[in-house]
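For the protein sequence lines, the chains are A and B, in the order given.
For my numbering, count along the first sequence from 1 and bump the result up by 335.
For my numbering, count along the second sequence from 1 and bump the result up by 335.
All C-beta atoms in this analysis are idealised placements derived from N, C-alpha and C, irrespective of residue type, glycine included.
Protein chains: 2
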Amino acid sequence: MRHRLKDVAEKAGVSVKTVSNVVNGYQHVRPTTRARVEEAIAELNYRPNLSARNLRKGRTGVIALAVPELDIPYFAELARHVVVAAAEQGWTVLIDQTGGSREQERVAASGIGDHLIDGLIFSPLALTAEDLTGLDGTPTVLLGERVDHGPADHVMIDNVAAAREITTHLAGLGRRRIAAIGSQRTVEGASARLRLAGYRAALTDAGLGYDERLVAPAPVWHRADGAAAMRDLLASGVRPDAVFCFNDTLALGALRVLHEHGLRAPDDVAVAGFDDIEDGRFSIPTLSTIAPDKERIGRLAVELLVGRIEGDREAPPRTVTAPYRLELRESTLGR
Amino acid sequence: MRHRLKDVAEKAGVSVKTVSNVVNGYQHVRPTTRARVEEAIAELNYRPNLSARNLRKGRTGVIALAVPELDIPYFAELARHVVVAAAEQGWTVLIDQTGGSREQERVAASGIGDHLIDGLIFSPLALTAEDLTGLDGTPTVLLGERVDHGPADHVMIDNVAAAREITTHLAGLGRRRIAAIGSQRTVEGASARLRLAGYRAALTDAGLGYDERLVAPAPVWHRADGAAAMRDLLASGVRPDAVFCFNDTLALGALRVLHEHGLRAPDDVAVAGFDDIEDGRFSIPTLSTIAPDKERIGRLAVELLVGRIEGDREAPPRTVTAPYRLELRESTLGR
DNA sequence: CCGACTTTGTACAACGTTGTAGGCAACGTT
DNA sequence: AACGTTGCCTACAACGTTGTACAAAGTCGG
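See the structure below:
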């Protein structure tokens, strides 16, 4: 059976509030009393009832992390960092999968488990800025590029610069026909738009023309979509000598298809990705990529959110930019 | 601002309890009253406070899933299935990462967020049966092979049979020097022991001798460990012509090292894994593996847990076995 | 040894919800 | 007309905790 403050109080011969004071580490409890209470707590294996505490305090100590899909490695890795950063500050993280659908995302945004959470770290795909303004005021931090000047705090990396940098790397290898995989025409495709912009800027920098036939769309960014896009590129006869994929899973799918066609990376086609997921360090060949500082992103998101929860909720939204690194491996450099 | 039952009640001109009755769908509320209340609810955008409801009802509607690491794809995929299965029955899932350490696992087991959760689905690595008996009686379902006859419900697949089957497949290809990667001598290594047993049984079936030098240990089962183990095997000069890796990430690491050594899979060394993670369908070569029915496992775990929460908590522990499939791909069959 | 102040502890109310008990109409039955 | 029955609704208490107000005990300076 679970025990309550009352049980501990009776056992220690003090009032309920005194036990509460001990549990919460208040001063003004005589050491002898404190010891007696602590003994009773240990003996009964007392644990506070969080629902009651939350009801009283108006806080739950739980924040939610909403991501499109956990089995996209990037989000799984990010989740780990968020959980760790939150735990350091005594917060529990509830992880929610939205599947990337607008409906699910709206449900998540408007209060997973309703009053269960104090704040939300949210990596939206489909949601628009307007969807977010309708929130009841749950403190929210956005990850990624979806909403440019939304009503919430925001952690991002400079997608345009990163995409430009890695495309420039491809051009620097002497590649002239650099393809891109992952473009999207939908509203959801904010990241895609930014990365495409970086890609185009790099082409201009390198004095290369922009050829629309070298840009392959991918509705979502799974391995299978990268594979399909690469197949289309090869079938269309445009013969790229390099491909910049807008994320790593796309790139892994593309590598697979190149292999199926008997083409070698990077000899025939250099391949670069974006995200630096674990797989890319062991793929054949290993994958050159943009490595966002995920640990930093997770930590910043938690800091912003906790600041919002405990501080001024009406302060203007802040946008924080996290650093990234160029991680060059075999898929562009060879062995 | 958030509204309470009381606000709705005042607006609708009824008592607080009547609003509660409407919210909970009780009968004996006149349609006209119900309509008036519902209108007020909509107008105020009322959401029940779960902490208060939980306090009153003694239930939170939240179950936790504790896994070692989310960025091990197997667990991420499993998590998705658990979340989906739970959502279908109206339960929210809180995902917790234990990191596989005994200490963290014990914390998780003894009540993540204390009274916040009604039950726990738990995939332990390091915890022993005794650790679990100490629980306060939070309904728990175990996943995986750790605790054979522990005090809790259990969902598993037949590891011995599966390992035997895939090893037999390797032998059936005519391979004579079949190595194994992933053995563990620690208490944590229950899965490792079972899979090793299946491997040995298959060797016997095939009339092959057991050669200890062909069995490489791996303290944890990440890609890097598979790579290290494969390197050791090659360096030791035992030259296997096949490897059964105890999970897919180990196998991907092994494939990588074979490639670095200029060996081809499956021509020189056939490679098989275990878990059927997404990566294995796009790796080069694609990976032959044991495919546990993860969707089924997730669903069974939720069903067992909910049954435990809502039903008889004292019933004897049940063990349920989920099916698996042999998924043969290029790493053993070639193209 | 007294008054003022500090320390230590207590009683009570409140957080928002739901279960229990019961009240008041309206109805049909004797 | 008196009665029990049913349908609809309300008042109250309780879940376990903590903030507020205050009482009791201890300490200190004069």
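Residues of chain A with a CB under 7 Å from the CB of B:ALA414: which are they? The sequence position of residue 414 of chain B within the second sequence is 79, counting from 1. Going along chain A in sequence order, the residues near B:ALA414 (Cβ under 7 Å) are LEU405.
Option nearest B:SER436 by Cα separation, candidates B:MET491, B:ALA605, B:GLU404: Here the question's residue 436 of chain B lines up with position 101 in the second sequence. Minimum Cα distance to B:SER436 is reached at B:GLU404.
Quick check: is any heavy atom of the ligand SAM less than 7 Å from the C-beta of A:ASP488? You won't find the ligand SAM in this model; it holds no ligand whatsoever.
Answer yes or no: does any C-beta atom of chain B fall closer than 8 Å to that of A:GLN432? As a first step, residue 432 of chain A is located in the first sequence; it is residue number 97 there, counting from the start. Closer than 8 Å to the CB of A:GLN432 there is at least one CB belonging to chain B.
Is it the case that the segment 486–503 of chain A contacts the segment 653–660 of chain A, given that we only count it when at least three CB pairs across the two stretches are under 8 Å? When C-beta atoms of the segment 653–660 of chain A are compared with those of the segment 486–503 of chain A, three or more pairs fall below 8 Å, so the two segments count as touching.
Measuring only the C-alpha atoms, how far is B:ARG577 from B:LEU413? What you label residue 577 of chain B is simply residue 242 of the second sequence in a count that begins at 1. What you label residue 413 of chain B is simply residue 78 of the second sequence in a count that begins at 1. Per the sequence presented here, residue 577 of chain B reads as Ala, with Arg not at that position. B:ALA577 and B:LEU413: Cα-Cα distance of roughly 28 Å.
Cβ of B:VAL606 less than 8 Å from any chain A Cβ? On the second sequence, position 271 is the one that residue 606 of chain B refers to. Contact of B:VAL606 with chain A is not assigned, every C-beta pair being separated by 8 Å or more.
Helix, strand or coil, according to DSSP, for A:GLU612 in the structure here? Within the first sequence, the letter at position 277 stands for residue 612 of chain A. Reading off the sequence shown, one finds Ile at residue 612 of chain A, where the question assumed Glu. Three-state result, A:ILE612: coil.
Do we get a CB-CB distance below 8 Å when we pair A:VAL357 with the residues of chain B? Here residue 357 of chain A is taken as the residue at index 22 of the first sequence, counted from 1. False, the Cβ-Cβ gap to chain B never drops below 8 Å.
If distances are taken between C-alpha atoms only, which option among B:LEU569, B:LYS392, B:TYR409, B:ILE513 comes closest to B:GLY542? Working through the second sequence from its first residue, we reach residue 542 of chain B at position 207. Restricting attention to B:LEU569, B:LYS392, B:TYR409, B:ILE513, the CA atom closest to the CA of B:GLY542 is found in B:ILE513.
Checking the sheet assignment: what are the DSSP bridge partners for B:ILE625? Locating residue 625 of chain B in the second sequence gives position 290, counting from the first residue. DSSP output for B:ILE625 lists B:LEU661 as bridge partner(s).
Indicate whether B:ILE456 and B:ILE398 have their beta-carbon atoms separated by less than 8 Å. Within the second sequence, the letter at position 121 stands for residue 456 of chain B. Within the second sequence, the letter at position 63 stands for residue 398 of chain B. Against a cut-off of 8 Å, the Cβ pair of B:ILE398 and B:ILE456 comes out as a contact.
Classification of A:GLY362 by the beta-carbon crowding that lies within 10 angstroms, buried from 16 upward: The residue labelled residue 362 of chain A in the question sits at position 27 within the first sequence. At residue 362 of chain A the sequence reads Gln, which differs from the Gly that was named. When all chains shown are included, A:GLN362 counts as exposed.
So if DSSP puts A:GLN432 in a beta bridge, which residue, or which two residues, is it bridged to? The residue given as residue 432 of chain A occupies position 97 in the first sequence. According to DSSP, which records beta bridges pairwise, A:GLN432 is partnered with A:VAL402.
Name, going along the chain, the residues of the segment 607–619 of chain B whose beta-carbon falls closer than 9 Å to a beta-carbon of chain A. Within the segment 607–619 of chain B, the residues whose Cβ lies closer than 9 Å to any Cβ of chain A are, in chain order, ILE612, GLU613, ASP614, ARG616, PHE617, SER618, ILE619.
When the cut-off is 8 Å and only beta carbons count, does A:THR656 lie next to chain B? Mapped onto the first sequence, residue 656 of chain A falls at position 321. Proximity of A:THR656 to chain B, defined by a Cβ-Cβ separation below 8 Å, is not satisfied.
Would you list the one or two residues that DSSP bridges to A:THR654? The count along the first sequence starts at 1 and reaches residue 654 of chain A at position 319. The partner list for A:THR654 (beta bridge, DSSP) reads A:HIS489.
So which of B:THR367, B:GLY360, B:CYS580 has the shortest CA-CA distance to B:ALA347? If you number the second sequence from 1, residue 347 of chain B lands on position 12. Ranking B:THR367, B:GLY360, B:CYS580 by Cα distance to B:ALA347 puts B:THR367 first.
Please confirm if A:ASN582 has its CB atom under 8 Å from at least one CB of chain B. Mapped onto the first sequence, residue 582 of chain A falls at position 247. Chain B, which has no Cβ nearer than 8 Å to the Cβ of A:ASN582, makes this no.
Tell whether a beta-carbon distance below 8 Å holds between A:ASP453 and A:THR395. By one-based count along the first sequence, residue 453 of chain A stands at place 118. By one-based count along the first sequence, residue 395 of chain A stands at place 60. Cβ atoms of A:ASP453 and A:THR395: closer than 8 Å.
Give the range of the beta strand (DSSP E) segment to which A:GLY517 is assigned. Looking up residue 517 of chain A in the first sequence gives position 182. A:GLY517 -> beta strand (DSSP E) spans 513–518.
Can you grab the Cα-Cα spacing for the pair A:VAL380 / A:HIS338, in whole Å? Working through the first sequence from its first residue, we reach residue 380 of chain A at position 45. Working through the first sequence from its first residue, we reach residue 338 of chain A at position 3. The identity of residue 380 of chain A in the sequence shown is Asn, whereas the question assumes Val. Spanning the two alpha carbons is a distance of roughly 8 Å.
Name the residue from B:HIS596, B:ALA605, B:THR584, B:ASP603 whose alpha carbon lies nearest to the alpha carbon of B:GLU613. Taking the first residue of the second sequence as 1, we reach residue 613 of chain B at position 278. Among B:HIS596, B:ALA605, B:THR584, B:ASP603, the Cα nearest to that of B:GLU613 is on B:THR584.
Paired residues, beta bridge with A:VAL578 - DSSP: By 1-based counting over the first sequence, the position of residue 578 of chain A is 243. A:ALA514, A:VAL606.
Which same chain residues, not among the five before or five after A:ARG653, have their C-beta less than 6 Å away from its C-beta? For this step, residue 653 of chain A is matched to residue 318 along the first sequence. So the qualifying residues of the chain are ASP488.
Please decide whether B:HIS588 counts as near chain A, where near means a Cβ-Cβ distance under 8 Å. Counting from one through the second sequence, the residue named residue 588 of chain B turns up at place 253. At residue 588 of chain B the sequence reads Gly, which differs from the His that was named. At least one chain A Cβ lies under 8 Å of B:GLY588.
Give the range of the beta strand (DSSP E) segment to which A:VAL476 is assigned. Mapped onto the first sequence, residue 476 of chain A falls at position 141. From DSSP, the beta strand (DSSP E) with A:VAL476 extends over 475–478.
Grab me the residues of A:ARG634's own chain with a C-beta within less than 8 Å of its C-beta, minus the 5 sequence neighbours each way, in chain order. To locate residue 634 of chain A, count along the first sequence from 1; it is residue 299. Within the same chain, HIS416, ALA420 come within 8 Å of A:ARG634 by CB-CB distance, once the 5 residues on both sides are set aside.
Mind listing which residues of the segment 415–429 of chain A have their C-beta closer than 7 Å to chain B's C-betas, in chain order? Going along the segment 415–429 of chain A in chain order, one finds ARG415, VAL418, THR427, LEU429 with a Cβ nearer than 7 Å to chain B.
Rank A:LEU640, A:LEU663, A:ALA650 by C-alpha distance to the C-alpha of A:THR475 and give the top, closest one. The residue labelled residue 475 of chain A in the question sits at position 140 within the first sequence. When only C-alpha atoms are compared, the closest one is A:LEU640.
Integer Cβ distance of A:ALA589 from A:GLY561, believed to fall under 8 Å: Along the first sequence, read from residue 1 onward, the residue named residue 589 of chain A stands at position 254. Along the first sequence, read from residue 1 onward, the residue named residue 561 of chain A stands at position 226. Right, the Cβ-Cβ distance comes to about 5 Å (below 8 Å), so this counts as a contact.
Would you list the residues sitting across from A:ALA551 in a DSSP beta bridge? If you number the first sequence from 1, residue 551 of chain A lands on position 216. Paired residue(s): A:ILE516.
Determine which residues share a DSSP beta bridge with B:THR368 and list them. Taking the second sequence and counting its residues from 1, the one referred to as residue 368 of chain B is at position 33. According to DSSP, B:THR368 bridges with nothing at all.
Cβ closer than 9 Å: which chain B residues qualify as neighbours of A:ALA562? Taking the first sequence and counting its residues from 1, the one referred to as residue 562 of chain A is at position 227. Per Cβ cutoff of 9 Å: PHE617.
Using the Cα positions of A:VAL354 and A:THR427, report the straight-line distance between them to the nearest angstrom. Position 19 of the first sequence, counting from 1, holds the residue named residue 354 of chain A. Position 92 of the first sequence, counting from 1, holds the residue named residue 427 of chain A. Spanning the two alpha carbons is a distance of roughly 24 Å.
Out of A:GLU480, A:ARG365, A:VAL357, which has the shortest C-alpha to C-alpha gap to A:ILE632? The residue you call residue 632 of chain A lines up with position 297 of the first sequence. A check of alpha carbon separations from A:ILE632 across A:GLU480, A:ARG365, A:VAL357 identifies A:GLU480 as the nearest.
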